[in-house]
Amino acid sequence: GAGVSQSPRYKVAKRGQDVALRCDPISGHVSLFWYQQALGQGPEFLTYFQNEAQLDKSGLPSDRFFAERPEGSVSTLKIQRTQQEDSAVYLCASSFRVNNSPLHFGNGTRLTVT
Amino acid sequence: AQSVSQHNHHVILSEAASLELGCNYSYGGTVNLFWYVQYPGQHLQLLLKYFSGDPLVKGIKGFEAEFIKSKFSFNLRKPSVQWSDTAEYFCAVNPFYNTDKLIFGTGTRLQVFP
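These protein sequences, in sequence, are chains A and B.
Using our numbering, read the first sequence as starting at 3 and increasing by one per residue.
Using our numbering, read the second sequence as starting at 64 and increasing by one per residue.
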């Protein structure tokens with residue numbers, strides 16, 4: 003399909019485990035964003051890439067969270083030593099340009115930490 | 064703190080009723096404004112956007128929104144809702160000049176009964 007693809011769709015991790023969440027943006031999209039959406043809340047910004055450069059990581063809640071986009075397309079969000087408060091839906095979005103273009107969202111990865 | 068506020072958390076309507084969902088933001092200067100919709104089990108989709116020009120913008124599925132700069136508001140409206148409009152609606156603001164980064168409200172859950 004032509005949309006933003008995220009995998010896995012669901013992930014259950016035991017507290018302390020590391021997880022990796024993948025995002026395939028729309029082909030040709032320059033900008034890529036990660037958001038965290040807790041139950042009953044709106045998406046909260048985590049980090050932003052322009053091509054392979056991570057230009058803003060001000061929303062990452064701790065140094066356990068790490069994101070990369072090494073070739074300027076696929077991105078991975080890694081969470082080390084997961085905690086229960088990390089349980090949320092992690093959304094990836096991409097946009098065609100750097101500014102004045104809407105974000106296209108994936109279906110998200112629902113992470114449950116037990 | 065700068066934020067996006069959606070005052071209606073849960074709205075219940077009968078089919079054919081009119082809808083207005085409030086959105087206020089606290090950012091100064093030039094902003095881009097968006098409404099996104101999330102149908103059950105689906106990804107966030109763009110309903111409409113405002114960048115500049117006519118403050119009354121029309122989106123998909125009969126939705127419209129009015130930007131009132133003096134009130135820092137961007138309320139969403141639909142004259143006659145349908146059961147299929149049942150979804151969660153998110154207002155989002157981009158107050159940045161060099162990125163498509165969005166700040167979201169907490170969302171409004173709309174339930175429409177036949």
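Using N, Cα and C, we set each Cβ at its ideal position, and we do this for glycine too.
Boundaries of the beta strand (DSSP E) in which residue i is found, first to last residue
i         : result
B:Ile-123 : Per DSSP, B:Ile-123 belongs to no beta strand (DSSP E) and is neither H nor E.
B:Lys-112 : 108 to 113
A:Phe-35  : 33 to 39
B:Trp-98  : 95 to 101
A:Cys-94  : 90 to 97
A:Leu-48  : 46 to 52
B:His-73  : 73 to 77
A:Ala-55  : 55 to 58
A:Ala-15  : 12 to 15
B:Asn-138 : 136 to 141
A:Gln-8   : 7 to 9
A:Phe-67  : 67 to 70
Chain B contact residues for residue i, given Cβ-Cβ distances below 7 Å
i         : result
A:Ser-97  : Asp-163
A:Leu-41  : Here the premise fails: no neighbours, minimum Cβ distance about 11 Å.
A:Phe-107 : His-106 and Leu-107
Per-residue contacts from residue i into chain A (C-beta, under 9 Å)
i         : result
B:Phe-176 : Those within 9 Å of B:Phe-176 in chain A number zero; the least Cβ separation is about 21 Å.
B:Lys-112 : Pro-104
B:Phe-167 : Tyr-37, Gln-39, Gln-43, Gly-44, Pro-45, Glu-46 and Phe-47
Residue i - DSSP class collapsed to helix/strand/coil
i         : result
B:Asp-148 : helix
A:Ser-103 : coil
B:Glu-83  : strand
A:Glu-73  : coil
Chain-ordered chain A contacts of residue i [CB-CB under 8 Å]
i         : result
B:Gly-116 : Going along chain A, no residue has its Cβ under 8 Å from B:Gly-116, so there is no contact; the nearest lies around 13 Å.
Chain B residues whose Cβ lies nearer than 9 Å to that of residue i
i        : result
A:Tyr-50 : Thr-162, Asp-163 and Lys-164
Contacts of residue i in chain A (Cβ-Cβ under 7 Å)
i        : result
B:Thr-93 : The premise fails here: B:Thr-93 is roughly 11 Å from chain A at the closest Cβ pair, so nothing lies under 7 Å.
Interface partners of residue i on chain B, CB under 8 Å
i         : result
A:Ser-110 : Correcting the residue type first, residue 110 of chain A is Gly in the shown sequence and not Ser. His-106, listed in chain order.
- Message: Taking 8 Å as the cut-off, does the stretch 103 to 110 of chain B touch the stretch 76 to 94 of chain B (at least 3 CB pairs, one atom from each stretch)?
- Response: Because the criterion of three Cβ pairs below 8 Å is not met, the stretch 76 to 94 of chain B and the stretch 103 to 110 of chain B do not touch.
- Tell me, please, whether the stretch 113 to 120 of chain B touches the stretch 83 to 92 of chain A by the rule of three or more beta-carbon pairs shorter than 8 Å. Because the criterion of three Cβ pairs below 8 Å is not met, the stretch 113 to 120 of chain B and the stretch 83 to 92 of chain A do not touch.
- Message: Across the stretch 154 to 169 of chain B and the stretch 14 to 31 of chain A, are there enough close Cβ pairs to call them in contact, namely three or more that are closer than 8 Å?
- Response: Segment contact: the stretch 154 to 169 of chain B against the stretch 14 to 31 of chain A, fewer than three CB-CB distances shorter than 8 Å; contact not assigned.
- Query: Touching or not, the stretch 92 to 104 of chain A and the stretch 36 to 51 of chain A, by the rule of three or more beta carbon pairs under 8 Å?
  - Reply: Flag = yes, the stretch 92 to 104 of chain A and the stretch 36 to 51 of chain A touch.
- Item | the stretch 15 to 26 of chain A: positions lying closer than 9 Å to chain B by Cβ | If the cut-off is 9 Å between Cβ atoms, the stretch 15 to 26 of chain A has nothing near chain B.
- Query: Taking any Cβ of chain A, which residues in the stretch 144 to 157 of chain B have a Cβ under 7 Å from it, in chain order?
  - Reply: Cβ contacts with chain A: Phe-153.
- Evaluate the contact criterion for the stretch 54 to 66 of chain A versus the stretch 125 to 138 of chain B: three or more CB pairs, one atom per stretch, below 8 Å. The answer is no - the stretch 125 to 138 of chain B does not touch the stretch 54 to 66 of chain A, with fewer than three Cβ pairs under 8 Å.
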